[in-house]
Each structure stands twice: as structure tokens, then as C-alpha cells.
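**Q** In order, the protein sequence lines correspond to chains A and B. First residue of the first sequence: 1, per our numbering; consecutive thereafter. First residue of the second sequence: 1001, per our numbering; consecutive thereafter. Let me give you the structure first, and then I'll get to my questions.
2 protein chains.
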Amino acid sequence: MRNTIAKTEIQKLLNHSDVALSPSEIETQLHGLCNRVTVYRVLERLEKEGFVHKFTNVDGVLKYAVCQDCDTNHIHHHNHAHFNCTKCGDVTCLETVEPKFEVPVNYEVAEINFTLSGICPKCAK
Amino acid sequence: MRNTIAKTEIQKLLNHSDVALSPSEIETQLHGLCNRVTVYRVLERLEKEGFVHKFTNVDGVLKYAVCQDCDTNHIHHHNHAHFNCTKCGDVTCLETVEPKFEVPVNYEVAEINFTLSGICPKCAK
DNA sequence: TTTACATTTGCAACAGTGTTGCAGTAAAGG
DNA sequence: CCTTTACTGCAACACTGTTGCAAATGTAAA
């Protein structure tokens, strides 16, 4: 995978962001540095490289966030919850929150998507 | 809320379906009985009436399913999991599966969206 | 049965998200 | 500096979901 300006800038954005970002949010924050399509394709690459993880927000929009645990020990833990604040709209990873559950026999679970919505600490004050 | 042909047929569809349905799936199964927009608006009404519950699938598409518990005791339990089979594409309610979790203080959780994906019993054989 | 009116519908048009093909551009190693 | 191949931009598209408005329809009352 090549290092391009677009890729570098998108990585920076994600690294410095404490919230998960959607492709369109990233595009906006890049102020026209690259095309909309490029954002999608760079994010796809970053996911393959294990730099970010992807999930679907409650509104159906894709969100990307840096992998906190993964980049250090190269093991992926994406079973954590995501929180979508209905007031400010921020979506954050709750790395420490992992749901416990038991599925009926014969169901083979490969991935989980666990998104909570409500009021975040910032907006609760 | 008035009873119209569209509403009646959509209720029938949902009642007889063992999987959650998206607006477009419903539209297809109605074979042109009503407009695409009407499907969206009827589903909105059915949700307000407490007949169905709505959730976002892992692919970001809306899904609707009849409320199993709600219509009997008029109390809504929508914390159950949904399962999206990656093979047949079916999305089903796992009414019995409720995730256990603890969020950090100051987070006020209003709704949860818990969707699992993998292989369903039908496709596992 | 007819009337009246609010609700529901269809249409057209739109906004937003995500994808694809293809031609041109640029990164990286030799 | 050259070559190769990955990457990018553009244009176009498919799909999902929404909105305004005029026409149609359900419902309850006259």
C-alpha cells in the first residue's frame, strides 16, 4: 500500500479525532484535498491494513475509528460498544464496554454490531 | 389512524413473515399495490401504533418486524438482538437474546441496537 | 345515502450515501 | 530517470429515504 497525501491526511484526522468519523465528515475536514471517492477507497485500505475499524451507525451511515488495541498487539478486538449521542451527534468507541450474551445453538456469530444511543457525558451536564 | 388497503396488506406481510423486512422488500412483495413512498409512511404509522419495531441492519438499511411481546402486554421490549445471516441475507429477531453490559457513569442510554452477523441455523446445515 | 373533512396516497423531485469503470497521475524501487 | 503498478478524479450510476402538493379515499356525522 502506497503512502499518498490523501492517506496520510486521513490517518492524521482519524488519529487526532476522539470520535468516530464518517466518510462525508472526513471529506469536509479535508477541505477539498481529495475527491469524495478517494476518501472511501482510502478508508477501505486503512481498514485492510488494520489501522481503523468500520461499523454502521444507528442512522445507517458508515463510521470509522482508529483501532486502539489492534495497532499495539495486532489482535483485533472490535466487540466493543459504540455510543451515539442524540444531542451532539458524536459517535464514540466505548472500548471497555463489551456486551455479554448467549445465542441459541446453531447460530454461528462472526461479527457483532452494538450501538447505544442516548446522552453522552458532555451533553448531560 | 385509518385502515387502508396498503396498511392492511403490509400488516399481513409482516405478520406472516418470520424475518424482518425492509421497505424495499415489502414494496416488492406487494407487487405494485402501492407506491414506494406509501410503504415508508405506513411503516412509520405502524411503528407509532406499536405494531412493529424498527431497527437498522448492519448494512445500514432499515428493517421492520412485528412486536412479539408488545402487542400482548403493551410493554415494549426492544433490547433483543437481531441476527443477519451473511449467507441467505435473512434478518431475524432473537427475542430471547438480550445483551448484558455496563456503561461508564454519565452515559444515559436510551436505545440499543444489537445486531449479530454470521451463519443462521438454516444455512449452517 | 350523502356530505364533509381530515387522512392517506401518488407523483415528482430531491438529498445523501456508497459504488464502478476508465483514463490520467503519481509513488516507489530499480 | 524509467518503469510499473497503485492510486486518483471524474462522471455516471444505483439505492435509500424524504418532502411538498394535488388528488383520492376512509370515516363519521348529517
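Glycine residues also receive a C-beta, built at the ideal position from the N, C-alpha and C atoms.
1. Would Leu1030 of chain B and Ala1081 of chain B qualify as a contact pair, given that the criterion is a beta-carbon distance under 7 Å?
2. Contact between the stretch 39–54 of chain A and the stretch 1–12 of chain A: three or more CB pairs below 8 Å?
3. If you run the structure through DSSP and keep just helix, strand and coil, what is Asn1073 of chain B?
4. Which residue marks the beginning of the alpha helix (DSSP H) containing Ala124 of chain A, and which one marks its end?
5. Counting C-beta neighbours from all protein chains within 10 Å, is the total for Cys120 of chain A 16 or more, i.e. buried, or is it exposed?
6. How many Å lie between Ala1110 of chain B and Val1058 of chain B at the Cα?
7. Is the stretch 1013–1021 of chain B close to the stretch 1083–1100 of chain B, with three or more CB pairs under 8 Å?
8. Return the first residue and the last residue of the alpha helix (DSSP H) that Ala1020 of chain B is part of.
9. Quick one: what's got a C-beta closer than 7 Å to Val1103 of chain B's C-beta in the same chain, skipping five residues either side?
10. Where do the ends of the alpha helix (DSSP H) carrying Tyr1107 of chain B lie?
11. Using a Cβ-Cβ distance cut-off of 7 Å, determine whether Pro23 of chain A contacts chain B.
12. Taking the straight line between their C-alpha atoms, what separation do you get for Val105 of chain A and Gly32 of chain A?
13. Going by the DSSP bridge assignment, what does Tyr1064 of chain B pair with across the sheet?
**A** In this structure, then:
1. no
2. yes
3. The pLDDT assigned to Asn1073 of chain B is 46, lower than 50, so where the model puts this residue is not dependable; a value taken from the coordinates is nonetheless given after this. The answer is helix: DSSP assigns Asn1073 of chain B an H, G or I state.
4. Pro121 to Ala124
5. buried
6. Their backbone Cα atoms lie some 20 Å apart in a straight line.
7. yes
8. Per DSSP, Ala1020 of chain B belongs to no alpha helix (DSSP H) and is neither H nor E.
9. Val1109
10. Segment: none, Tyr1107 of chain B is in no alpha helix (DSSP H) and carries neither H nor E.
11. For Pro23 of chain A, the answer is no, since every Cβ of chain B falls outside 7 Å of its Cβ.
12. 50 Å
13. B:Leu1021 and B:Lys1054
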